[in-house]
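Quick notes on the structure that follows.
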Amino acid sequence: MTDNDTEIRIDKFTVLQRLGRGGMGAVYEGHDPALDRRVAIKTLAADVIADVDSRSRFEREARAAAKLQHPNIVTIYELGNFGGAEKPYIVMEYLEGTDVSNLIGDEGMPIAEALDIVIQLCRALDFAHQNGVVHRDIKPANLRCLDNGQIKIMDFGIARVEGSRQITKSGVMIGTVHYMSPEQIRGQKLDGRTDIFSAGCILYELLTGGRPFLGDSATSILYNIVNEQPVPVVEKKNTIPQEIQDVLERAMAKKAEDRFEHAGDMARELEKILSVYRKTLPRTTRALQTTLDELQALNRSENWEELVKKSRIVLENCPELEEARRYLRRSLRELHQDEVERNQTEHDRTRHLKEIQHELTELYGASVAATAYMVGEETELVTATPTRVASEAAPEKHHAEEGEGDAAVRALAAPIWALVIVVLLGLAGGLYWMFLREPPGPQPIAHTIRLSSEPPGAAVFLDGAATGLTTMEGSVELLVSGVTAESHIIEVRLDGFESASSELVLSETPPGPLEFVLTPTTRFFELVTNPEGVTVQLDGEPVDGVTPLTLELVEGDHEIQLAKDEYVSRSVSIAAGQPLPEEPIALTPLGRPGTFRVSSPYPVAIHRGNGVVASASPNPSVRFRPGNYRFRLVAPEVFLSRSVEIAIREGETTTHQAPPVGRVNVRAKGNCTVTIDGMPAGSPPFMNREVVIGPHEFVFTWAGNVTDTQSVNVEASKPTYVIGRRP
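First residue of the sequence shown: 231, per my numbering; consecutive thereafter.
Here it is as C-alpha cells:
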C-alpha cells in the first residue's frame with residue numbers, strides 16, 4: 231500500500247477492499263502481514279453484533295465450521311474479537327476463480343462438468359454433515375470454481391450445528407429462496423438432507439440453465455417448492471440420461487425421509503453415472519488439438535475476449551473438453567476483473583476505502599479509526615494533476631532553447647505557448663470545477679414501494695415509526711419521501727416471527743417491490759434436570775443427548791417429555807409467550823418395589839395390559855415399583871376374569887383375596903353348547919360345576935346359531951340352577 235492510500239486494519243489484518251455485503255455482514259479482501267498472504271475477512275452487521283444470542287451463535291457455529299478441513303470447503307483460519315471486545319470476525323482462505331453462478335449459460339453446461347461440480351459439492355457436504363454442521367444456504371453463488379476445476383464451498387462461517395432448529399437473520403430472501411428445502415421454508419428442524427435438496431436444485435440448474443422452481447414473487451416460489459414438482463430435466467434436454475433424472479427426483483423429494491440419507495450416497499450415485507457417461511464421449515481429434523493450440527496461444531497473449539468466444543465455440547462442438555472449460559473459466563474471471571479495474575478510477579478507490587473505514591469505525595468503534603491513517607485527501611490528489619501537465623509541457627522549453635537564432639521557430643513557439651497557457655488554465659478550471667466546487671444540493675424525491683410478506687399480516691414501520699399499514703394478502707403500497715441519497719429503513723413486524731428490515735437509499739430510479747420472508751421467533755431454553763442424564767422428547771420428537779441440554783424453541787406451545795430409569799416420567803408444558811423455567815426440573819424416584827399377592831385356593835394368573843405377569847398358581851404374587859396399577863385375575867377353571875385396582879406401596883405386600891367358588895347345575899332341551907362369560911363350559915347337562923361367586927353371563931347356542939342368553943348370580947351358600955330354553 232502506497233503513501234497516498236488509506237490503510238485500514240482489523241487487528242493485525244490490513245483491509246484492501248470490500249468484496250461483498252449482505253444482511254449478515256460484509257466480506258473484505260485483506261492481507262495477513264505475519265504470513266504474507268491474502269485473506270478474506272467476514273464481519274457481522276451492527277444489529278447482529280448487538281444481539282447477544284446471534285453473536286454467541288455465530289461464534290459457536292464458526293468454531294464448528296473451522297474444524298472442517300476438506301479440499302472442497304473454504305478454510306477458516308481464525309475467529310477473532312476486535313480489540314478484545316465482543317465484536318467477532320472470521321478470517322478465511324482467499325479464493326481466486328469465479329462463482330459457479332457465472333458459469334451457467336442459458337442452456338446450462340455440459341453434463342460431465344455439471345456432474346463433476348455436484349459430486350465435489352456432495353463430498354464436501356457429506357464431510358460437513360459427518361462433523362455435525364449443516365450449511366443451509368447452498369446455492370451457485372456460494373460455490374467457487376478455481377481455475378483447475380476444483381470446487382470450494384463458501385460461507386460455512388454462518389452454517390448451523392446439526393440438530394438445532396432453524397434460526398436465520400430475517401430479511402429479503404429474493405435470490406436465495408430458489409434453493410430452500412420445504413422443511414426450511416416451514417421453519418422445521420433441519421439436518422443434512424436440507425443441503426441435499428439444495429444440491430439437487432443446483433444440479434438441475436447446471437444441466438438446464440434454469441432453476442427448478444420459478445415464480446413471479448418470493449411467495450410463489452416458496453409455494454411451488456412446497457407443493458409443485460419441477461419439469462423433468464429429460465423433457466428439457468433429451469441428451470440427459472434418465473439415471474440423472476432419477477437422482478434429481480430423489481434429491482428434491484418434498485419429504486426429507488424420501489431423499490438420500492447422506493450426501494455421500496448422492497455423490498457415489500453420480501460418480502457411477504459419470505463413469506458410464508464419459509465412455510460415450512468422442513476422443514480428441516487432430517483438428518481439435520489444433521484448436522486447443524489456438525486457445526493456448528490466446529491465453530498466453532491474454533486476449534480474454536477472443537478466448538471466451540473461441541472456448542465457447544469449442545465447447546458447443548465438444549462440450550466435455552476439460553481444457554476448453556479451464557480456458558473459459560479463466561478468461562471470464564480476467565474479463566470481470568478488468569471491467570472492475572477499468573470502471574474504478576483513483577477517485578472511486580479512495581472513496582471506496584473511505585466507505586470501508588466509515589462502516590468499520592461504526593461497527594468496531596473508534597479503535598479502527600485510531601489504527602487507520604488517511605494520507606491524500608481529494609484536494610491533495612487534485613494538486614498533483616497540474617504537476618503532471620507541467621512535466622508534459624517541459625519539452626517545449628527545451629526546444630525553444632535549441633532553436634535560439636531561428637526566428638521562424640520562435641515566431642511559431644509564441645502562439646504555441648499561448649495555446650499551452652490557455653489549455654493549462656482551462657484544465658485547472660475544469661479540475662477546480664470537478665473536485666473543489668460545492669456539490670449540488672440534494673434534490674427532493676418520493677417513491678411508492680410495494681411491500682409484501684410471507685406470512686402476511688405484518689405491521690410496516692418506516693425508520694422505526696409505525697405507518698399504520700399491514701401486509702395483508704397481496705401487497706401494500708408505502709410512500710417514502712425525502713432527498714436523493716437519503717437512507718431509510720423499512721421494517722415489518724409480526725407476532726411470533728422475527729422482524730425483517732431492508733435499507734432503501736433514495737435515488738431517481740424507482741425501487742422494485744420488497745418481499746420479506748419471515749422466520750418464526752425462537753428462544754433458547756437451558757433445560758436442567760435433577761437428576762441429570764434425563765432423555766428428552768420435544769413435542770413427541772426425540773432430542774439428541776441427555777440433560778443438561780440447550781433447546782431452541784420456535785414461538786408457540788410446546789410439550790417436553792422427560793424420562794429416566796428408576797424415576798417417574800413427567801411432562802412439562804411451555805406456553806407461548808410465558809417465561810421459561812429457570813430452576814432445575816425435578817424427577818421423583820420410583821422407590822423400592824412392593825409386592826402384590828393374590829390369596830386363592832385355586833390356580834390364578836395375574837395379567838397386566840396384554841401380558842401375563844404371573845402364571846397360574848395358587849397364591850401368585852408380583853413385584854412392582856410404588857404406584858397405582860390395574861391387574862386382571864384370570865382362572866378359566868372356575869370362570870374367573872376380573873379387573874382389580876391395586877395400590878402398591880414401597881417395600882410392602884398388598885394382598886387381594888380371590889373370590890370363593892359356588893356350584894351350578896346346568897341343563898337344556900336339545901343338543902347345544904354353553905359359554906360362561908365368554909369361556910367355553912361344554913354341553914349340558916352338567917352338575918356341581920365350580921364357578922366363582924358373583925354375576926355371570928350364560929349363553930346357550932343351538933344349531934343354526936340360535937342362542938339363549940341369561941344373566942345369573944352365583945352364590946356360595948347354595949347350588950345355582952340354570953336351564954337353557956330354545957327360543
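For glycine and all other residues, C-beta sits at the position ideal for the given N, C-alpha and C.
Checklist entry - By DSSP, does Ser705 sit in helix, in strand, or in coil? => result In this structure, Ser705 counts as coil in the three-state DSSP scheme.
Checklist entry - What number of angstroms, rounded off, separates the C-alpha of Ala715 from the C-alpha of Leu768? => result Near 49 Å, if we compare the C-alpha coordinates of Leu768 and Ala715.
Next on the checklist: Considering only DSSP beta bridges, list what Ser829 is partnered with.
Outcome noted: Ser829 pairs with Gln887.
Item to check | Segment limits, beta strand (DSSP E) that includes Gly255 | outcome: Where Gly255 is concerned, the enclosing beta strand (DSSP E) stretches over Gly255 to Asp262.
Item to check | Pick from Tyr832, Ala448, Gly430 and Leu437 that is closest to Ile415, judged by C-alpha positions | outcome: When the alpha-carbon of Ile415 is set against those of Tyr832, Ala448, Gly430 and Leu437, the nearest one is in Ala448.
Checklist entry - When you compare each of Asp425, Ser731 and Leu681 to Gly694 by their alpha carbons, which one comes out closest? => result Sorting Asp425, Ser731 and Leu681 by C-alpha distance to the C-alpha of Gly694 places Ser731 at the top.
Item to check | Buried versus exposed call for Ser941 [16 or more other C-beta atoms within 10 Å across all chains shown] | outcome: By the 10 Å Cβ count, Ser941 comes out exposed.
Next on the checklist: Within 8 Å, do at least three Cβ pairs link the stretch 271–282 to the stretch 332–352?
Outcome noted: No: the two stretches stay apart, fewer than three of their Cβ pairs being nearer than 8 Å.
Checklist entry - Just curious, the beta strand (DSSP E) that Ile432 is in, first and last residue? => result Segment Arg423 to Thr438 is the alpha helix (DSSP H) holding Ile432; no beta strand (DSSP E) there.
Next on the checklist: What residue range does the beta strand (DSSP E) around Arg855 cover?
Outcome noted: Neither: Arg855 is in no beta strand (DSSP E) and is coded neither H nor E.
Item to check | Continuous beta strand (DSSP E) stretch holding Ile334: start and end | outcome: Under the DSSP assignment, Ile334 falls outside any beta strand (DSSP E); it carries neither an H nor an E label.
Checklist entry - Could you give the residue range of the beta strand (DSSP E) that holds Cys902? => result Element bounds for Cys902: n/a, residue is neither H nor E.
Item to check | Distance, Ala554 Cα to Phe691 Cα | outcome: Taking the straight line joining both Cα atoms gives about 52 Å.
Checklist entry - Using the C-alpha atoms, what's the distance from Gln418 back to Leu708? => result Straight through space, the alpha carbons of Gln418 and Leu708 are spaced by roughly 32 Å.
Checklist entry - DSSP on Tyr307, reduced to helix/strand/coil? => result Assignment of Tyr307 by DSSP, reduced to helix, strand and coil, places it in the strand class.
Next on the checklist: Mapping the DSSP letters down to three states, classify Tyr453 as helix, strand or coil.
Outcome noted: DSSP, read as helix, strand or coil, puts Tyr453 in helix.
Next on the checklist: Please report the straight-line C-alpha distance between Glu934 and Pro957, rounded to a whole angstrom.
Outcome noted: The question names Glu, but residue 934 is Gly in the sequence shown. Taking the straight line joining both Cα atoms gives about 12 Å.
Item to check | DSSP-derived helix/strand/coil call for Lys539 | outcome: Helix, per DSSP.
Checklist entry - Leu246 to Leu565, Cα distance in whole Å? => result Here the alpha carbon of Leu246 sits roughly 21 Å from the alpha carbon of Leu565.
Checklist entry - When DSSP builds the beta bridges, which residues end up paired with Leu734? => result Paired residues: His718.
Item to check | Exposed unless 16 or more other CB atoms sit within 10 angstroms - verdict on Gly250 | outcome: Label assigned to Gly250: exposed.
Item to check | Contact set for Tyr951: own chain, Cβ-Cβ below 6 Å, skip 5 residues either direction | outcome: The residues Asn895, in chain order, have a CB closer than 6 Å to that of Tyr951 in the same chain once the five nearest residues on each side in sequence are set aside.
Next on the checklist: Measuring only the C-alpha atoms, how far is Pro750 from Arg853?
Outcome noted: Cα to Cα, the separation comes out at about 49 Å.
Item to check | From Thr937, Val921 and Lys382, residue whose alpha carbon lies closest to that of Asn943 | outcome: Of Thr937, Val921 and Lys382, the residue nearest in Cα terms is Val921.
Checklist entry - Going by beta carbon distance, what residues of the same chain come within less than 8 Å of His359, once the five residues before and after it are set aside? => result Correct list, in chain order: Glu392, Asp421, Gly422, Asp425, His492 and Ala493.
Checklist entry - Would the beta-carbon of Val963 fall within 8 Å of that of Val842? => result Outside the shown range of the chain, which is 231 to 957, sits residue 963, and nothing can be said about it.
Next on the checklist: Looking at Ala790: is its Cβ nearer than 8 Å to the Cβ of Phe826?
Outcome noted: In the sequence under discussion, the amino acid at residue 790 is Ile, which differs from the Ala named in the question. For Ile790 and Phe826, no; Cβs fall outside 8 Å.
Next on the checklist: Pro740 and Val758 - do their beta-carbons sit closer together than 8 Å?
Outcome noted: Cβ distance not < 8 Å, so Val758 and Pro740 don't count as in contact.
Next on the checklist: Applying the 10 Å Cβ sphere with the 16-neighbour rule, what's the burial state of Asp385?
Outcome noted: Per the 10 Å Cβ criterion, buried.
Next on the checklist: Tell me the rounded alpha-carbon separation between Ala294 and Val363.
Outcome noted: Looking at the two C-alpha atoms, the distance is approximately 7 Å.
Checklist entry - Taking DSSP as the reference, what is the three-state secondary structure of Tyr507? => result Shown here, Tyr507 sits in a helix according to DSSP, grouped into three states.
Next on the checklist: Out of Gly255, Arg753 and Gln350, which one is the CA nearest neighbour of Glu728?
Outcome noted: Arg753 is the residue among Gly255, Arg753 and Gln350 whose C-alpha sits nearest the C-alpha of Glu728.
Item to check | Backbone secondary structure at His300 - three-state DSSP | outcome: Looking at His300 - three-state DSSP - the assignment turns out to be coil, as it is neither helix nor strand.
Item to check | Short Cβ contact (8 Å threshold) for Glu882 with Gly824 | outcome: Yes, these two residues count as a Cβ contact at 8 Å.
Checklist entry - Near Ile455, what residues of its chain come up, given a Cβ to Cβ distance below 7 Å and the 5 sequence neighbours on each side ignored? => result Counting only residues of its own chain and dropping the five nearest sequence neighbours on each side, Ile455 has a CB closer than 7 Å to the CB of Met410, Pro412, Ile415 and Phe443.
Checklist entry - Alpha carbon to alpha carbon, how far is Asn840 from Arg862? => result Each residue's alpha carbon lies about 10 Å from the other.
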